[in-house]
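In this note's numbering, the protein residues as written are 16 to 156.
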């Protein structure tokens, strides 16, 4: 039986979607003011089989890292984390005043409505890496 090309394209797309192990929801990035060279991006990431976020990059910044903010008494501390655990099937929220993606060395200001590409690399328990391309829309909060 001869199947139409549209059906075959849909089948290929469905197969690719079924293999996607990592999903990203609600990505956004903070706008910047003139002369500001850093900003943060936020999103919710879920890995179906579990794994860890091992790196991030963006063409708009010289450096992109996952950071965490924690209160230490009355002092807010921020530090980069090497990897971010992604428990199987559990959403991990990166949000203000917590885990976030820090973009430093911005090449230009980030204005409201800008769409900023961010590439995430996730590694599963077997060491297989998956790249996830995210489009984060800029807003003030």
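Where a beta carbon is used, it is the ideal one built from N, C-alpha and C, also for glycine.
Problem - Rounded separation between residue 53 and residue 145 - CA only - result: Indexing the chain shown from 1 puts residue 53 at position 38. Indexing the chain shown from 1 puts residue 145 at position 130. Approximately 26 Å, taken between the alpha carbons.
Practice task
Specify the secondary structure class of residue 90 as computed by DSSP and reduced to three states.
Solution key: Along the chain shown, read from residue 1 onward, the residue named residue 90 stands at position 75. Note: residue 90 maps to strand in three-state DSSP.
Exercise for the section: Under 8 Å Cβ to Cβ from residue 106, same chain only, skipping five residues before and after it: list those, please. Expected result: Counting from one through the chain shown, the residue named residue 106 turns up at place 91. Annotation for residue 106: 40, 59, 60, 61 place their beta carbon closer than 8 Å to its own, counting only its chain and skipping 5 residues before and after.
Problem - Assumed close pair residue 66, residue 139 - CB separation to whole angstroms, cut-off 8 Å - result: By one-based count along the chain shown, residue 66 stands at place 51. By one-based count along the chain shown, residue 139 stands at place 124. Rounded to the nearest angstrom, the Cβ distance from residue 66 to residue 139 is 4 Å, consistent with a contact under 8 Å.
Practice task
Count the other CB atoms, across all protein chains shown, that sit within 10 Å of the CB of residue 93; report buried if there are 16 or more and exposed otherwise.
Solution key: Position 78 of the chain shown, counted from the start, is the residue given in the question as residue 93. Burial call: exposed.
Handout entry: residue 90 burial status per 10 Å Cβ neighbour count (16 or more: buried)
Key = The residue labelled residue 90 in the question sits at position 75 within the chain shown. The residue in question, residue 90, is exposed, as its Cβ has fewer than 16 Cβ neighbours within 10 Å.
Problem - Backbone CA spacing between residue 129 and residue 48 [nearest angstrom] - result: Here residue 129 refers to the residue found at position 114 when the chain shown is read from its first residue. Here residue 48 refers to the residue found at position 33 when the chain shown is read from its first residue. Those two C-alpha atoms are separated by around 13 Å.
Problem - residue 96 burial status per 10 Å Cβ neighbour count (16 or more: buried) - result: Position 81 of the chain shown holds residue 96. Its Cβ having fewer than 16 others within 10 Å, residue 96 is exposed.
Practice task
Using a threshold of 8 Å, state whether the C-beta atoms of residue 153 and residue 127 are closer than that.
Solution key: Numbered from 1 along the chain shown, position 138 holds the residue referred to as residue 153. Numbered from 1 along the chain shown, position 112 holds the residue referred to as residue 127. Cβ distance < 8 Å, so residue 153 and residue 127 count as in contact.
Practice task
Taking residue 42 as the reference, give the member of 113, 109, 104 with the closest Cα.
Solution key: As a working mapping, residue 42 is identified with position 27 in the chain shown. Comparing Cα-Cα distances from residue 42 to each of 113, 109, 104, the minimum goes to 109.
Handout entry: Where residue 146 sits in the DSSP three-state scheme
Key = Walking along the chain shown from the start, residue 146 turns up at place 131. Annotated three-state conformation of residue 146 is strand, per DSSP.
Problem - 8 Å Cβ cutoff met for residue 57 and residue 111 - result: By 1-based counting over the chain shown, the position of residue 57 is 42. By 1-based counting over the chain shown, the position of residue 111 is 96. Against a cut-off of 8 Å, the Cβ pair of residue 111 and residue 57 comes out as a contact.
Practice task
Ignore the nearest five residues each way along the sequence and tell me which others in residue 36's own chain have a CB closer than 7 Å to its CB.
Solution key: Residue numbering aside, residue 36 sits at position 21 when the chain shown is read from its first letter. The answer, listed in chain order, is 62, 63, 64, 139, 145.
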